[in-house]
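Residue numbers (this note's numbering): 6 to 84. Every residue, glycine too, gets a C-beta built ideally from N, C-alpha and C. These numbers come from a predicted model, not from an experiment. A short write-up of the structure that comes next.
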């Protein structure tokens, strides 16, 4: 066991546990064509995504190059 890891004897009871979410993201998703999808965020922003690069080549997909959903996640987390 690593040093400082919680054990039954040293776990502390947390009184201030967040039981209700303070934010819920809402979006609508539509299939445009093939693997092309469009998300509409609640405040109005539209995001198009699909496939590109090695994934497109591997699956032999004939479609417009668009960012993968994971590309947006990587960008949103800084990198």
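- If you draw a straight line from the Cα of residue 51 to the Cα of residue 84, it comes to about 21 Å.
- Nearest Cα to residue 78 within the set 54, 33, 38 and 34: 54.
- Annotated as proximal: residue 73 and residue 60, with beta-carbon spacing under 9 Å.
- DSSP places residue 41 outside any alpha helix (DSSP H); the residue lies instead in the beta strand (DSSP E), whose first and last residues are 41-46.
- Nearest to residue 32 by alpha-carbon distance, out of 38, 44 and 39, is 44.
- Residue 26 and residue 57 have their C-alpha atoms some 35 Å from each other.
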